[in-house]
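S.K.:
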Amino acid sequence: MSRATRWALLLLLRLAAPAAAEDDSPLTLASLGLKGQAVFKSYVSFDTTPNDDQLVVNEGILQLEWSRRFGWGAARLVGEFRDDDFGYTRGLHFQIPETSRHRSYLTLKEATLTTRQGPVEVTLGKQIYAWGTADAFNPTDNLNPYDYLDILDNEKLGIWSASARLTLGPTSLVFAVVPFFTPSRLPLPRSRWTPTVPAGFVAIVDDPEPPDQDLGATQYAARLRTTIAGWDVSVSYYDGFDHTLSFRQSLVQAAPGLFIPRLTPVYSRVKVPGADFSTTFGKLEVHGEGAFRLIEADGRDHRFQGIAGVNYTQEVGWRYLDQMIFIVEYARETVLSRVRHSGIVEKDHSPFVGDLLSDSGFRDAIIGRIQAKLTEDTTLKLSGIADLAVTPSYYIQLKGNHRITDALHVEAGLDFVTGKPDTFWGRWRDSDRFFIAVRYLF
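Mind the numbering: the sequence shown is residues 995 to 1436 in my numbering, read in order.
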């Protein structure tokens, strides 16, 4: 154990000790402000792909969370140790910002210090934000990048940032500043989640070109939220970068009279004003959100993204069927105008590669979910996304959850992906699989 690690453990125990010493109760994790979970996941694919012949991927995660209140505010740390047998995780690295292509064996997912004075709350550290009201896709939620090493089991990445919240009755205003740009973590080249390059496609592809980590890379966001006559409404604004790639095209002369396309991956600078709403009419919940993605630099199209839907809950009360929940949503993306002379390749329906560069399955999509709560301990979910842009492609998931004890939970299910090879979901058509996850809470 390194000297730094020993000092960190001693500091953690020193901070936690006063809470446990206030009474004579037995020393427990809860008395130290600690809780956590141990998770085992296994994915069994039914087919190999041209660049991935591993059918079974196993992953283990140990997550520990510590939180404590002080006179001046509160502190919270979420640490995680994880490993897998595919290679998603490799090495030990601590980065600000986090740019490694692989996960670290040991990582700090969240780390915050929060102080409050009257109606104002200020939080500093590595944070995960959640904005928007829709279930499948949130066009107003732009602060955090994602880990896409597994496309179907993606997760948000925390970002080092400062945020302030002003709360006055039902109204709140949040303002966030992110000084460093963190890109989304993309699938590994040898992974089944990296599509095969179509035959006949020839180009030089550069390494991604991230923005310089200076004042120009600072990102800003704000959200004003309130309740009016039973309607929860908010307006938001984001000034920052897309966390996924766009491709700037140029030509390279390979020989006299012979030119080869050159693609340079870049991150678009965008301004995103948006709004969302939700309300209920009896058992029916109605929600929607929309945002304008306006290009400032390194982008091709100004777009509007919107999604709206309903949730309906029906209490059944049968012995083996307690409750049913139905969710239906429709998402649409509209190109408003094109940025002249941008040099950026069209992501959707591009020549030779179709939708293989696309980063959105919600350009013209219907989303549905049926959830059956069989008992207090068991639920079944059937979810689906139909991307109807040009040529339809589909993603369907059937999943069951069962609580064996309060601490031991298990979930298992099937993922099905279908469509033509050059469609959004169809590029992963050989990745149908079974999955299981066992979770122990402590």
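Where a beta carbon is used, it is the ideal one built from N, C-alpha and C, also for glycine.
These numbers were taken from a predicted model, which means no experiment stands behind them.
Helix, strand or coil: which one does DSSP assign to R1070?
M.R.: Residue 1070 sits at position 76 when you count from the first residue of the sequence shown. Correct three-state label for R1070: strand.
S.K.: Does the beta-carbon of T1109 have 16 or more other beta-carbons within 10 angstroms, so that it is buried, or is it exposed?
M.R.: Taking the first residue of the sequence shown as 1, we reach residue 1109 at position 115. T1109 comes out exposed.
S.K.: Is D1316 closer than 8 Å to F1271 when the C-beta atoms are compared?
M.R.: For the purposes of this step, residue 1271 is taken as the residue at position 277 of the sequence shown. For the purposes of this step, residue 1316 is taken as the residue at position 322 of the sequence shown. Not a contact, by the Cβ cut-off of 8 Å.
S.K.: Quick one: any contact between the segment 1155-1163 and the segment 1241-1253, if contact means 3 or more CB pairs under 8 Å?
M.R.: no
S.K.: State the beta-bridge partners of W1422 as determined by DSSP.
M.R.: Locating residue 1422 in the sequence shown gives position 428, where the first residue counts as 1. Answer is none; W1422 lacks a bridge partner.
S.K.: Alpha carbon to alpha carbon, what distance is there between G1027 and L1021?
M.R.: To locate residue 1021, count along the sequence shown from 1; it is residue 27. To locate residue 1027, count along the sequence shown from 1; it is residue 33. The alpha-carbon atoms of L1021 and G1027 are separated by roughly 11 Å.
S.K.: Give me the residue from Q1299, F1320, T1165 and L1071 with the minimum Cα distance to T1307.
M.R.: Within the sequence shown, the letter at position 313 stands for residue 1307. Selected option, being the one with the closest Cα: F1320.
S.K.: In terms of alpha-carbon separation, which member of T1417, I1398, Y1388 and L1288 lies closest to D1409?
M.R.: If you number the sequence shown from 1, residue 1409 lands on position 415. That would be Y1388, whose Cα lies nearest to the Cα of D1409.
S.K.: On the criterion of 16 or more Cβ atoms from any shown chain inside 10 Å, does L1402 qualify as buried, or is it exposed?
M.R.: Start at 1 with the first residue of the sequence shown, and residue 1402 comes out as number 408. Exposed, because fewer than 16 other Cβ atoms sit within 10 Å of the Cβ of L1402.
S.K.: Could you tell me whether the segment 1056-1068 touches the segment 1086-1093, where touching means 3 or more Cβ pairs closer than 8 Å?
M.R.: Segments in contact, no.
S.K.: Check this for me: beta carbons of H1237 and S1178, under 8 Å apart or not?
M.R.: Numbered from 1 along the sequence shown, position 243 holds the residue referred to as residue 1237. Numbered from 1 along the sequence shown, position 184 holds the residue referred to as residue 1178. Yes, these two residues count as a Cβ contact at 8 Å.
S.K.: Measuring only the C-alpha atoms, how far is T1101 from G1073?
M.R.: Sequence index remark: in the sequence shown, residue 1101 carries index 107 (1-based). Sequence index remark: in the sequence shown, residue 1073 carries index 79 (1-based). Taking the straight line joining both Cα atoms gives about 6 Å.
S.K.: Can the beta-carbon of Q1121 be found closer than 8 Å to that of F1175?
M.R.: One-based indexing of the sequence shown puts residue 1121 at position 127. One-based indexing of the sequence shown puts residue 1175 at position 181. No, the Cβ-Cβ distance between Q1121 and F1175 is not below 8 Å.
S.K.: I'd like to check one pair, E1340 with R1297: are the Cβ atoms closer than 8 Å?
M.R.: Residue 1297 sits at position 303 when you count from the first residue of the sequence shown. Residue 1340 sits at position 346 when you count from the first residue of the sequence shown. Not in contact: R1297 and E1340 (Cβ atoms no closer than 8 Å).
S.K.: At 3 residues or longer, and completely inside the segment 1174-1239: list those beta strand (DSSP E) runs for me, N to C.
M.R.: 1213-1222 and 1225-1235
S.K.: Under three-state DSSP, which class holds S1352?
M.R.: Position 358 of the sequence shown, counted from the start, is the residue given in the question as residue 1352. Coil.
S.K.: Going straight from the alpha carbon of R1084 to that of S1094, what length do you get?
M.R.: Counted from its first residue, the sequence shown places residue 1084 at position 90. Counted from its first residue, the sequence shown places residue 1094 at position 100. For R1084 and S1094, the distance between alpha carbons rounds to 10 Å.
S.K.: With a threshold of 8 Å, are at least 3 pairs of Cβ atoms found where one atom belongs to the segment 1158-1166 and the other to the segment 1192-1200?
M.R.: Counting Cβ pairs under 8 Å, fewer than three are found: no touch.
S.K.: If you reduce the DSSP assignment to three classes, tell me which class A1024 lands in.
M.R.: In the sequence shown, counting from the first residue as 1, residue 1024 sits at position 30. Note: A1024 maps to helix in three-state DSSP.
S.K.: How big is the Cα-Cα spacing for K1265 and R1334?
M.R.: Here residue 1265 refers to the residue found at position 271 of the sequence shown. Here residue 1334 refers to the residue found at position 340 of the sequence shown. Whole-angstrom Cα-Cα distance: 17 Å.
S.K.: Give the DSSP bridge partners of Y1389, in chain order.
M.R.: Numbered from its first residue, the sequence shown carries residue 1389 at position 395. Answer by DSSP bridge pairing, in chain order: I1379 and V1411.
S.K.: Skipping 5 residues on each side, what residues in its chain have a beta carbon closer than 7 Å to that of G1284?
M.R.: Here residue 1284 is taken as the residue at index 290 of the sequence shown, counted from 1. Hits under 7 Å: P1133, G1268, A1269, F1298, Q1299 and G1300.
S.K.: Grouping DSSP H, G and I as helix and E and B as strand, with all else coil, what is D1295?
M.R.: On the sequence shown, position 301 is the one that residue 1295 refers to. Three-state DSSP puts D1295 in a strand.
S.K.: Buried or exposed: which applies to R1063, given that a residue is buried once 16 or more other Cβ atoms fall within 10 Å of its Cβ?
M.R.: Along the sequence shown, read from residue 1 onward, the residue named residue 1063 stands at position 69. Counting Cβ neighbours within 10 Å, R1063 comes out exposed, since fewer than 16 surround it.
S.K.: What residue does the beta strand (DSSP E) around S1331 start on, and which one ends it?
M.R.: Here residue 1331 refers to the residue found at position 337 when the sequence shown is read from its first residue. Where S1331 is concerned, the enclosing beta strand (DSSP E) stretches over L1315 to R1332.
S.K.: Let's test the definition: count the other Cβ atoms within 10 Å of the Cβ of N1438 and tell me whether it reaches 16, buried, or not, exposed.
M.R.: Only positions 995 to 1436 of the chain appear in this structure, which leaves residue 1438 out of reach.
S.K.: Bridge partners of Y1123, per DSSP?
M.R.: Taking the first residue of the sequence shown as position 1, residue 1123 is located at position 129. Answer is none; Y1123 lacks a bridge partner.
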